[in-house]
Amino acid sequence: MAKYIISKTDLDQFGQFFGSIDNDTITLENYQDTISYTILGLSGQDSIVGGEGKDILFGMEGNDTILGRDNNDILYGNEGNDSLYGDYGYDTIYGGQGNDIIKDSGYSFDGNNGISFLFGNLGDDSITVSSSGNADLFGGQGKDILTGNEGSNSISGDRDQDILRGDLYETGGADTFIISKTADLNEIPTGTENADLILDFINSEDKIGLVGVTFEQLLISEIQPQQIDSIFGQGSVEENFGTNITKFLKIESGGELLAVLGRDRDNFTLTANDFVII
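In this text, residue positions in the sequence shown follow this note's numbering: the first is 2, and each later residue adds one.
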């Protein structure tokens with residue numbers, strides 16, 4: 002294992018620092034230095050900690066742990082099952098290949114509004130935003146779990162069966178849950194393989210964003226809990242929705258299941274006002 006405690010004098014002429022092929026620990030010596038660093042971990046299972054500048058941090062190969070710390074950072078996990086933490090600032094985080102854990106606090110340390118962008122890419126990813134600020138969450142391929150915060154989030158699971166939640170405590174802002182109809186003409190969907198579970202949709206606040214389909218092309222109807230379990234796996238309803246949900250709705254188009262929603266009221270419905278075209 003190689004340990005590097007670096008400062009700006011360790012950067013090359015391009016403002017970069019490269020780790021080794023070993024399992025590296027790379028930490029900025031003076032984290033209050035506001036210079037922007039580009040750090041590449043290379044191969045191995047690396048631990049990389051940024052500073053107060055606008056850093057660009059690459060994990061590259063291996064199962065890496067990356068902490069952006071302060072300011073608006075860019076984090077790349079790349080290959081491996083990575084853990085990526087944005088911390089303060091509005092960050093852009095790419096999981097890359099593998100089953101990644103992506104978390105961003107969303108705090109604004111300068112009082113300005115901004116948007117964090119979190120992209121899981123390949124693999125089964127867990128993406129979570131906490132505290133203040135708005136965020137765009139994009140799962141990519143794989144069975145992802147996406148959780149927003151108290152801000153106004155745009156949440157898209159993209160491919161495969163994903164779980165979309167606007168906020169853990171249902172105190173979030175006006176969220177947009179994005180669902181899409183299979184657009185690849187060479188791909189024939191099985192009917193349920195790209196369906197999403199939307200856990201905390203609120204009619205008066207949230208919207209469902211439509212990609213590749215219009216409201217007129219949708220079929221919205223009630224679905225029973227046992228049917229949901231058969232599609233998403235046994236115990237999916239109780240594990241994800243809890244026991245207070247009394248009515249579930251499914252959204253279909255052309256024989257393809259796009260999403261399932263549930264609320265704790267028997268008069269739960271969806272109208273054209275609940276949808277927007279993305």
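Idealized CB from N, CA, C, for every residue including glycine.
Only a predicted model underlies this, so the values are computations on that prediction, with no experimental measurement involved.
- Message: Rounded to whole angstroms, what is the Cα-Cα separation between L85 and T28?
- Response: Reading the sequence shown from its first residue, position 84 is the one you call residue 85. Reading the sequence shown from its first residue, position 27 is the one you call residue 28. Their backbone Cα atoms lie some 15 Å apart in a straight line.
- Message: Can you tell me whether S157 is helix, strand or coil according to DSSP?
- Response: By 1-based counting over the sequence shown, the position of residue 157 is 156. Three-state result, S157: strand.
- Message: Measuring straight from C-alpha to C-alpha, what distance separates K144 and S131?
- Response: As a position in the sequence shown, residue 144 is number 143, starting the count at 1. As a position in the sequence shown, residue 131 is number 130, starting the count at 1. Taking the straight line from one Cα to the other gives about 21 Å.
- Query: Given I229, which residues of its chain have a CB within under 7 Å of its CB, disregarding the five upstream and five downstream residues?
  - Reply: Taking the first residue of the sequence shown as 1, we reach residue 229 at position 228. Correct list, in chain order: S237, V238, F249, V261.
- Sorted by chain position, which residues of the same chain lie with C-beta nearer than 6 Å to L198's C-beta, five sequence neighbours on each side aside? Within the sequence shown, numbered from 1, the residue matching residue 198 stands at position 197. I164, N241, V261, listed in sequence order.
- Flag this pair as yes or no: are the beta carbons of I94 and F59 separated by less than 8 Å? On the sequence shown, residue 94 is found 93 positions in, with the first residue counted as 1. On the sequence shown, residue 59 is found 58 positions in, with the first residue counted as 1. Result no, Cβ atoms of I94 and F59 do not sit closer than 8 Å.
- Message: Once DSSP output is grouped into helix, strand and coil, what is the label at S254?
- Response: Start at 1 with the first residue of the sequence shown, and residue 254 comes out as number 253. Here S254 sits in strand by DSSP.
- Message: Considering Cα atoms alone, identify which of G87, R70, T66 is closest to E53.
- Response: Position 52 of the sequence shown, counting from 1, holds the residue named residue 53. Taking only the C-alpha atoms, the option nearest E53 is R70.
- Do you know how far the Cα of G90 is from the Cα of F110? Numbered from its first residue, the sequence shown carries residue 110 at position 109. Numbered from its first residue, the sequence shown carries residue 90 at position 89. For F110, the predicted model reports a pLDDT of 44, less than 50, meaning its position is unreliable; a value from the coordinates is still stated below. If I take the Cα positions, the gap works out to 6 Å.
- Out of N100, T177, I146, L211, point me to the one whose CA is closest to S153's CA. Here residue 153 refers to the residue found at position 152 of the sequence shown. Minimum Cα distance to S153 is reached at T177.
- Inter-residue Cα distance where the pair is G42 and I75: Here residue 42 corresponds to residue number 41 of the sequence shown, with the count starting at 1. Here residue 75 corresponds to residue number 74 of the sequence shown, with the count starting at 1. Near 14 Å, if we compare the C-alpha coordinates of I75 and G42.
- Message: Could you tell me the alpha carbon to alpha carbon distance between N24 and Q46, rounded to whole angstroms?
- Response: To locate residue 24, count along the sequence shown from 1; it is residue 23. To locate residue 46, count along the sequence shown from 1; it is residue 45. For N24 and Q46, the distance between alpha carbons rounds to 5 Å.
- Task: Tell me whether N113 is buried or exposed, calling it buried when 16 or more other Cβ atoms sit within 10 Å of its Cβ.
- Result: As a working note, residue 113 is residue 112 in the sequence shown. In this prediction, N113 has a pLDDT of 48, which is less than 50 and means its spatial position is unreliable; nothing more can be read from the coordinates.
- May I ask which residues mark the beginning and end of the beta strand (DSSP E) holding I229? The residue you call residue 229 lines up with position 228 of the sequence shown. Not the beta strand (DSSP E): I229 falls in the alpha helix (DSSP H), residues 226-233.
- Just the Cα atoms here: how many angstroms apart are Q225 and D105? For the purposes of this step, residue 225 is taken as the residue at position 224 of the sequence shown. For the purposes of this step, residue 105 is taken as the residue at position 104 of the sequence shown. When rounded, the distance between both Cα atoms is 35 Å.
- Query: Mind checking whether E151 and D168 have CB atoms under 8 Å apart?
  - Reply: Numbered from 1 along the sequence shown, position 150 holds the residue referred to as residue 151. Numbered from 1 along the sequence shown, position 167 holds the residue referred to as residue 168. Yes, these two residues count as a Cβ contact at 8 Å.
- Tell me, which residues are paired with Q17 by DSSP? What you label residue 17 is simply residue 16 of the sequence shown in a count that begins at 1. For Q17, which the question treats as bridged, DSSP gives the partners T39.
- Message: Once the 5 residues before and after A3 are set aside, which same chain residues still bring their CB inside 8 Å of it?
- Response: In the sequence shown, residue 3 corresponds to position 2, counting from 1. If we look at A3 and ignore the five residues flanking it on each side, its Cβ neighbours are G20, S21, D23, N24, D25, T26.
- Task: State the DSSP-derived secondary structure class of S131, mapped to helix, strand or coil.
- Result: For the purposes of this step, residue 131 is taken as residue 130 along the sequence shown, with counting starting at 1. Correct three-state label for S131: coil.
- Which stretch, first to last residue, makes up the beta strand (DSSP E) that contains V212? Position 211 of the sequence shown, counted from the start, is the residue given in the question as residue 212. V212 -> beta strand (DSSP E) spans 208-212.
- Message: Only counting the same chain, and skipping five residues up and downstream in sequence, which positions put a Cβ closer than 7 Å to that of L186?
- Response: As a first step, residue 186 is located in the sequence shown; it is residue number 185 there, counting from the start. Low per-residue confidence applies at L186: pLDDT is 45, beneath 50, and the placement is therefore not dependable enough to give any value.
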